[in-house]
Each structure stands twice: as C-alpha cells, then as structure tokens.
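Undergrad: In our numbering, the protein residues as written are 66 to 996.
Shown next, in the form of structure tokens:
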C-alpha cells in the first residue's frame, strides 16, 4: 500500500480504483466460468474456431497484400493522453509471448472468454478519462491490454514480455514468500545442464518482488553462498538484490560431487531462524531445489526440520534429459507440499517455473480473498519500445481473478490478474504543494519504504546524449534520501548544490510565475478543456466562461490576494528605473509568492543581460522531483528574514541577477580603502594578499583568479582550510550517495557552485556596501589578537559534478558546514622557512565569509589540497542485507486445510519397447550394409 507524509485523499483514491477492479472482476468472472465449466464438463477443452487481434500481427499483410492470420485491420490513432502513441480506444487486443503457442486450445478458449472485458475497459475510460492502461494477465500467458496497440518486438523479432513475470501479476497472485534457491554445481551439471540451471535461477528471481525475501546456495560436497555477505540470512528481493544475484550466478562453475543433505539442512535453518526472529516475509516459505539427480536419503532431514507441519514447501526442478532420479526428486516435492517439474531444454524453463506460483496461490484462491496490491515504481518503457515511449514513473494496482467452482475448489484455480497503471504524477496531485511550502514536500513510499515519488529521487542517468533509467531506480529506500544526523555522518543522496530542506515554516518570499506547473484547474478530465493552459483555464473560470472547470478556489484566491498586495512593489521598482537609481550590472528585480504569482522587472536588455533565462532547465522540467520550488527560492526562505544568500551560477554571473564583473569591481575598489591609514593602503588584495569570498560550504564565490570561482576552497589553499577545520569554523561531515552511477570504478569529483538569491535591490546594495565600507582590511590584518572558533549549527548545501555513469554504486564523499556562531578568526601557519598569516571574518546578513591570506608564503609542500573526491563506500554489503523498517502486507495466505497437495507434478515415464528397439536395430543394420 501507499504511505503518505500528510493526510491526503488517498483512501478515496484507493476506494475508486478498488471499485473499478471489482467491477472488472464481477462482470468478467461469470462469463469466464460459464464457458470454462462447459468445457470442463465435456471432459476436455474444445478448440474454438476463434480469431482475435494479436497485437504483433495487426495491420500486417502477406506477400499478396492480404491480412495475415490473427491480424486484420486495426484502427490506430495517436492519442495525447497515451503519450501520443497510436492506440485504439474502442478495442483491446492480445499480446502473447513468443515462447507461447498463439493457437493453443487453452489460450484460444481463455481469450474468447475474456472478450467481455473489452466493454468494461471502454466504460471505465469513459467514466474516468484520467485512466491509463487497463489490462488482464491470464495464467495461460496471454495479456489483454486496453486501449489496443501495435506491439513492437525486440531487435530479434521476439516478444519476450510475459505478463506472468510482471510484479503486478506476481504480487497479486501470491502472498509474500521467503525463498531459498539451492543449485547443484557438481561435476555432473556441466555443459547445457548448468546453462539451464542458471536460466532457471534467473527466472525464479524474476518472479520475486520487494515483499519477498531470498538467498541462493550452491552446493557440491560443501555448502557455498553465492554471496558470502548474505551468509545465514535472507535479503529483500528488490531489483538491486535480484540483479546482484544474477551477476553472481553467471560466475558459478561446476566441480566435485553433490552432497545435498548439508545444503538442505542449511536452507531449513535459515528459514526457521527467520520465522522465529520475526524476519523475512513471515508468510510463505519455500526451498527451490535445482539438480540433475537426488541420490541421498532425505527423510531424516524433513523429519527434523519440516514434518509434520510442512511449513516449508519444497519445489524440485530436475535438469537434463536423464530420468534416472526422477522418482526421488518428485518424492521430495510431493512430501513437502511442493511441485516437481522436469526441465530438459531452455525453452521449458519459463512454463515450468511458473508452476510454483500456482501452488502458492492455492490458499488465497480457496479462501476467495481479493487482495488489492500496489506495486513499486516503474517506467512504462518496459512495455513499449516505440518512439512515443514515456519516461513517466508509474505504479500498478491489481487484484487476482480465480475460479469459484465448488468441484475444483481444492485445486485453487487462478484465472489471472486484472489491473491498471496509475501515473505517480496523478497520485501526487492529491498533495497541495502550495500549502506545504518550500521546505515541506509530500512523498510517496511503498510498504517496504521504497520511494515511489520524492523530491530527491533520481531515476535517470545520462548515457551520452540519452537519458536512461538506472538499473536500481525503483529500489531506493527512504533512509537513503533523508538525512540521518547521527555519529557525525549524514546519510544523503545529495551532491553539492542539491538540498533536503525539512523545515516547514511560513514563507515570506517565494516562487516565480509557475501557473503552467501548478494545478490551478483540472484540464485533463474534459477533452474540451485540454487545449487551455493553466493561466487560460484560471482566467476563464474566474470570468465565469467555464463554470464546469474543476479549479482550486483557495489557490486562486491566494494568487489574487498576492497580486493586490505586491502591486505597489512593482511600481517602486519602476520608479527606481525611471529615476536612474539602478546601477549598471543589476539586471533583474523579482518577487515570488507561494501561490505561484511572480512580479519581475528587467533592468537590462536581453542583448546585455548575462542571465539570459530566469528559470533553469531543471526548474522547467522537474518531472520526477514533483517539487517545483526553484533552488534560489528554497535557499532564500531557509535563512533568517532580512538576510541574503549568494551563489555563483557560472563564471560570468552571480546568481541569476548580478554580473560577477560588477561585484568584483565593487569589491576590489572598496577593499583598497583604509579607515586608519591616509592615502593608499600598504597592503592590497591585488598583490600582497589573497582575498576570497567563501560560502557556508567552503566554495569560492569571489577571487582575483577567475578560474578559482566555484572551486572548493580546500583545493586552492589546503593549509588555511585545514586550520579552519581544526579551529571549528568549518565542520567536516561524511555524505553517502546511494543513487550514484560509477564507470569502471573510477570516480571524479569537481568543485561545486553554491547559489545566490537576491531580493529588493536597494536594500541589497545598501547592506553589501555597508559591510565593505565597515570592513577595516588593514586594521584586521595588523591586529595582535587571535580569535578561536566556536560551535553552532547551520544547514548544508553542496553540489558535485559527476561523470557519465554506467553501473549503480554507493559512493561516499566529504562535505563541510560553516559554524555561523564564529564571527571572526585568525592564526599563523608554520610552513618551513615562512609563516603564513590569515584572517577570516563573517559577512553580516549573508552566508559568506571573507578570507584574507598572506600571498608570499607557499605552504603547498607541507599541506596538500583538501579534495572532495568521491570513493566507493564500504556500506554496500550491510545496506543490501539490512532488514529495513517495513510494514508487511496486511494479509498472508500460506495455508488452507482444503488444499489438495497431492497435485505435485509428474514426469513422463520413459519405457523401452523391445519390438520397436529390435526393429530399429534391423533398419540400422540394413542401412549400414547398403551404404
């Protein structure tokens, strides 16, 4: 289920979707059961002469120009609601994986019986036009999707998508489970057998979700964990861990003799300990045995660990064509409420693995429980490889569909799973962002604590010029994006320049004009309203031209109120400009409000303006963060009212409104003035001294060397930075990035660029100039006393540039926070033959400090630079196996007394016909003589 940070309309949203799914179930099930019962009563499943729209074959013609079988003309039109994909909103169609025969009698009958769903899909979409994909996944393997589409196979012409492998299907079809996969890697498993075994393991892993727990054990004459870090425990089967297991399984090699008994004992011990200690899923438990033969006597093991309750099911997979040990392998499964399958080729793996899901679903089906599940976040590009693919994050809501026939009740026949996709952006619209403020945000998590939507979720990475989803984008834990202020370490994903602002206080300065970002009016429900922008929709609603529009009246009232209150300020700014009271270099004055109104005055033309665009690309395309308060706004409201926040955007502009040339010119001119010395100062920042403006995280805002702007001060002067850290003026913290992407284990860090946020121009100039005039450079430099640092607390901001990455990794890097209680400090640094003096003073009402150092004393030999290099963190093992705080699903269906456990699979007996064998020998002998 979904967890919220604030009380929203989630219950109503869940209720509406649940009703839609139940409607699908109620309307569809009777017809399905009628036909199924009719066919079962006849003793066999009749092959219906029935054609359907196969999504891979529609609109396809043969060499003669005729429609291919199961194809036919299928009208497709681009639809904006479905990301401009060509769809048919009047008809659903069928997708069948390449490895499933599309004319199988079971498939044809099930497709025919599911035709009733088509009208239900259409009716649902007419009632709620915000719905996206609706679908039914059958236990036989077909996938009915609405609206109908043209399915695009992969580059090899293969449709590998199998709905039964999708998380929405697996989670709806079964309860949570603990799985131990045991694989035989003895010498007899070499060659094709080992290839099939590895594929079987990967297929089992693909059937697991984040509610499940797993471990993989390889055995010969000893027990070996494929991941030693996971020894003796179960780990959550999230995407990250599953992919990690797959990588390790590929490295398995055969050797030795198989001794299965010890491995079986180890598996039972892990599962029993998890159950006793309240770990794992606390529901179904199973062992998956993958072997080419079982020769030992296992009865004593089962008597000790599993009988008579049989809490742990055992599923066995006999690998290879040999059937010598089939009876032993089947006996293990049948006596432990499991299922036995024989896998002789790679093509057999998929269907045989899926059998265990049907077994685990029996108690739920017999109990007639329609558990509604929500999946983790995913991208719909998994389904579609067309040009119209969307990078929207989605979640699925689904529920099982099963047979209620009394004669087959003990069999627990699962018919399939019905579900619908829900864009997370639609869900997040339930959270009124303007009421939360810049420091407040809503986020969405699963019951396992994995992020569905969060301001600091980074699901994409840049590979060349293309954006691609990270392999582990949907297994980011909440603890990996929130700060944990313990033991001098901050757990965060942040790079310098990104922020996690958790305070929720009233705001007085604000946002730019984001009417096209904020949802003032719902324009998606009525197709006739989709042509309006938010601004157009709001105006038409206020004028009474569109009374049917659903608009947020509170938000509109706040916007109108802000417009009235801030009107005099714009007049004041215009007066400054008309009276030529604006100095060259000041480009823009602006004021934003939380409701989304912005007033802005340009003091420089576009041809001379350094900051060409007010909004950054991140502000304009903030798809995943769902937090449209820009950085300058969040930084401004974080600080005390009346103070200013400065940051460099690039080497040409400071912030968004002030040219760096103008600031440098003013700074160096004022720095030459001395209040206690007549004439020219004896010391100068241009020659004798090195002067820096440094921000609260240690990044240089101003330096006489332009290439030092934006760099970390410790890289430029490690000796002074080390002294400031020792004195307590800057505090070092460790930061972790659990969403990093690394390339060949090499990590490169570059300097960060803190930001500037300015408000009313006249006040800004007054405060900054007053500081420079009051600052006695010569007097401070020649002072005879030293000031020690003190401690306090201040927020952390930072940014780090990262090279293109290919593999997910955990990285650690240092960060620094300035202690705002330290007003000034100075000291001497012994550097061999010289002593380096420096002074530091805080700039009032800002996040800046002035650092002045002696220029003629080089300490680089004694003190190296302090770098912000990333490095691989050593936390991956502990993070992957940690039992995170989670909420287990409310229901568990692991047992039902009416379950028929005797249906445990079977093997086709292979017997030798003497007459056939004799005839074969005779024919062979004759052929040999003739040739």
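Backbone N, C-alpha and C define an ideal beta-carbon position, used for all residues, glycine too.
Just so you know, these numbers come straight off a predicted model, no measurement behind them.
Label residue 750 either buried or exposed according to how many other C-beta atoms from any shown protein chain fall within 10 Å of its C-beta, with 16 as the threshold for buried.
TA: Working through the chain shown from its first residue, we reach residue 750 at position 685. When all chains shown are included, residue 750 counts as buried.
Undergrad: Could you tell me which residues DSSP puts in a beta bridge with residue 805?
TA: Mapped onto the chain shown, residue 805 falls at position 740. Answer by DSSP bridge pairing, in chain order: 874.
Undergrad: On the premise that residue 299 lies in contact with residue 358, defined as a C-beta separation below 8 Å, what is that separation, rounded to the nearest angstrom?
TA: Residue mapping note: residue 358 aligns to position 293 of the chain shown, counting from 1. Residue mapping note: residue 299 aligns to position 234 of the chain shown, counting from 1. That belief does not hold up - the Cβ atoms of residue 358 and residue 299 are roughly 27 Å apart, past 8 Å.
Undergrad: Hey, how far is the Cα of residue 782 from the Cα of residue 234?
TA: Against the chain shown, residue 782 aligns to sequence position 717. Against the chain shown, residue 234 aligns to sequence position 169. Roughly 58 Å between the two C-alpha positions.
Undergrad: So who's on the other strand from residue 763, going by DSSP bridges?
TA: Taking the first residue of the chain shown as 1, we reach residue 763 at position 698. Beta-bridge pairing links residue 763 to no other residue.
Undergrad: Do residue 161 and residue 224 have their C-beta atoms closer together than 9 Å?
TA: In the chain shown, the residue the question calls residue 161 occupies position 96. In the chain shown, the residue the question calls residue 224 occupies position 159. Yes, they are a contact pair.
Undergrad: For a quick check, are the C-beta atoms of residue 933 and residue 775 less than 9 Å apart?
TA: Walking along the chain shown from the start, residue 933 turns up at place 868. Walking along the chain shown from the start, residue 775 turns up at place 710. No.
Undergrad: Do you know how far the Cα of residue 516 is from the Cα of residue 536?
TA: Taking the chain shown and counting its residues from 1, the one referred to as residue 536 is at position 471. Taking the chain shown and counting its residues from 1, the one referred to as residue 516 is at position 451. Using only the alpha carbons, I get a separation of about 14 Å.
Undergrad: Taking the alpha helix (DSSP H) that residue 238 belongs to, which residues open and close that run?
TA: Within the chain shown, numbered from 1, the residue matching residue 238 stands at position 173. From DSSP, the alpha helix (DSSP H) with residue 238 extends over 232 to 238.
Undergrad: Does the Cβ of residue 716 have 16 or more other Cβ atoms within 10 Å, making it buried, or fewer, making it exposed?
TA: As a position in the chain shown, residue 716 is number 651, starting the count at 1. For residue 716, the predicted model reports a pLDDT of 33, less than 50, meaning its position is unreliable; a value from the coordinates is still stated below. So residue 716 counts as exposed.
Undergrad: Can you tell me where the alpha helix (DSSP H) with residue 271 in it begins and where it stops?
TA: On the chain shown, residue 271 is found 206 positions in, with the first residue counted as 1. That run of the alpha helix (DSSP H) goes 257 to 271.
Undergrad: Answer with buried or exposed for residue 312, where buried requires no fewer than 16 other C-beta atoms within 10 angstroms of its C-beta.
TA: Residue 312 sits at position 247 when you count from the first residue of the chain shown. Residue 312 comes out exposed.
Undergrad: Where does residue 243 fall in DSSP's three states?
TA: For this step, residue 243 is matched to residue 178 along the chain shown. Strand at residue 243.
Undergrad: So what does DSSP say about residue 508, is it helix, strand or coil?
TA: As a working note, residue 508 is residue 443 in the chain shown. Coil.
Undergrad: If you check the beta carbons only, do residue 395 and residue 382 fall under 9 Å apart?
TA: Within the chain shown, residue 395 is the residue found at index 330, counting from 1. Within the chain shown, residue 382 is the residue found at index 317, counting from 1. Cβ atoms of residue 395 and residue 382: not closer than 9 Å.
Undergrad: Using the Cβ count rule (16 or more neighbours within 10 Å means buried), how would you classify residue 925?
TA: Residue numbering aside, residue 925 sits at position 860 when the chain shown is read from its first letter. That one is exposed.
Undergrad: Exposed or buried, what is residue 657 when buried is set at 16 or more other beta-carbons lying within 10 Å of its beta-carbon?
TA: Counting from one through the chain shown, the residue named residue 657 turns up at place 592. Its Cβ being crowded by 16 or more others within 10 Å, residue 657 is buried.
Undergrad: Spatial neighbours of residue 328 within its chain, please: C-beta separation below 8 Å, excluding the five flanking residues on both sides.
TA: In the chain shown, residue 328 corresponds to position 263, counting from 1. Closer than 8 Å at Cβ, skipping near neighbours: 247, 282, 284, 288.
Undergrad: At least one CB of chain D closer than 9 Å to the CB of residue 507: is that the case?
TA: Among the chains of the structure shown, chain D does not appear; only one protein chain is present.
Undergrad: Identify every residue that forms a DSSP beta bridge with residue 638.
TA: One-based indexing of the chain shown puts residue 638 at position 573. BP columns for residue 638 are empty, so no partner.
Undergrad: Please report the residue range of the alpha helix (DSSP H) in which residue 783 lies.
TA: By 1-based counting over the chain shown, the position of residue 783 is 718. From DSSP, the alpha helix (DSSP H) with residue 783 extends over 783 to 792.
Undergrad: Considering only their Cβ atoms, is the gap separating residue 330 from residue 366 smaller than 9 Å?
TA: Along the chain shown, one-based indexing puts residue 366 at 301. Along the chain shown, one-based indexing puts residue 330 at 265. Result yes, Cβ atoms of residue 366 and residue 330 sit closer than 9 Å.
Undergrad: Whole angstroms are fine: how far does the CA of residue 737 sit from the CA of residue 64?
TA: Residue 64 cannot be examined here, being either before or after the span of the chain that is shown, 66 to 996.
Undergrad: Taking residue 134 as the reference, give the member of 140, 124, 901, 142 with the closest Cα.
TA: Start at 1 with the first residue of the chain shown, and residue 134 comes out as number 69. Checking every option, the nearest Cα to that of residue 134 belongs to 124.
Undergrad: What are the boundary residues of the alpha helix (DSSP H) that includes residue 174?
TA: Position 109 of the chain shown, counting from 1, holds the residue named residue 174. Unbroken alpha helix (DSSP H) run through residue 174: 170 to 178.
Undergrad: Is residue 1069 helix, strand or coil by DSSP?
TA: Here the chain has residues from 66 to 996 only, and residue 1069 is not among them.
Undergrad: If you compare alpha carbons, which of 180, 765, 961, 547 is closest to residue 434?
TA: Here the question's residue 434 lines up with position 369 in the chain shown. Ranking 180, 765, 961, 547 by Cα distance to residue 434 puts 961 first.
Undergrad: When we look at the beta-carbon of residue 540 and count the other beta-carbons within 10 Å, is it buried (16 or more) or exposed?
TA: For the purposes of this step, residue 540 is taken as the residue at position 475 of the chain shown. So residue 540 counts as buried.
Undergrad: Tell me, to the nearest whole angstrom, how far the beta carbon of residue 120 is from that of residue 159; I am working on the premise that it is less than 8 Å.
TA: Counting from 1 along the chain shown, the entry for residue 120 is found at position 55. Counting from 1 along the chain shown, the entry for residue 159 is found at position 94. Indeed they touch by this definition, with Cβ atoms about 6 Å apart.
Undergrad: Are residue 920 and residue 904 closer than 9 Å when you measure CB to CB?
TA: Here residue 920 refers to the residue found at position 855 when the chain shown is read from its first residue. Here residue 904 refers to the residue found at position 839 when the chain shown is read from its first residue. In this structure, residue 904 does not lie closer than 9 Å to residue 920 by Cβ.
Undergrad: Within 10 angstroms of its Cβ, does residue 309 collect 16 or more other Cβ (buried), or is it exposed?
TA: As a working mapping, residue 309 is identified with position 244 in the chain shown. It is buried - the Cβ of residue 309 has at least 16 other Cβ atoms within 10 Å.
Undergrad: Under 8 Å by Cβ, that's how I've got residue 294 and residue 942 pegged, so tell me the actual separation to the nearest angstrom.
TA: The residue given as residue 294 occupies position 229 in the chain shown. The residue given as residue 942 occupies position 877 in the chain shown. Correct: roughly 4 Å between the Cβ atoms.
Undergrad: Quick check on the DSSP output: what are the complete alpha helix (DSSP H) runs of length 4 or more inside the region 411 to 442, in order along the chain?
TA: As far as the region 411 to 442 is concerned, its whole alpha helix (DSSP H) runs of at least 4 residues are 414 to 425, 427 to 432.
Undergrad: Which residue from 945, 786, 793 puts its Cα closest to that of residue 902?
TA: Counting from one through the chain shown, the residue named residue 902 turns up at place 837. Of the listed residues, the one whose Cα sits closest to residue 902 is 786.
Undergrad: Return helix, strand or coil for residue 467, following the three-state DSSP convention.
TA: One-based indexing of the chain shown puts residue 467 at position 402. Strand at residue 467.
Undergrad: Could you give the distance in angstroms between the alpha-carbon of residue 668 and the alpha-carbon of residue 635?
TA: Working through the chain shown from its first residue, we reach residue 668 at position 603. Working through the chain shown from its first residue, we reach residue 635 at position 570. Straight-line Cα distance between these residues: approximately 13 Å.
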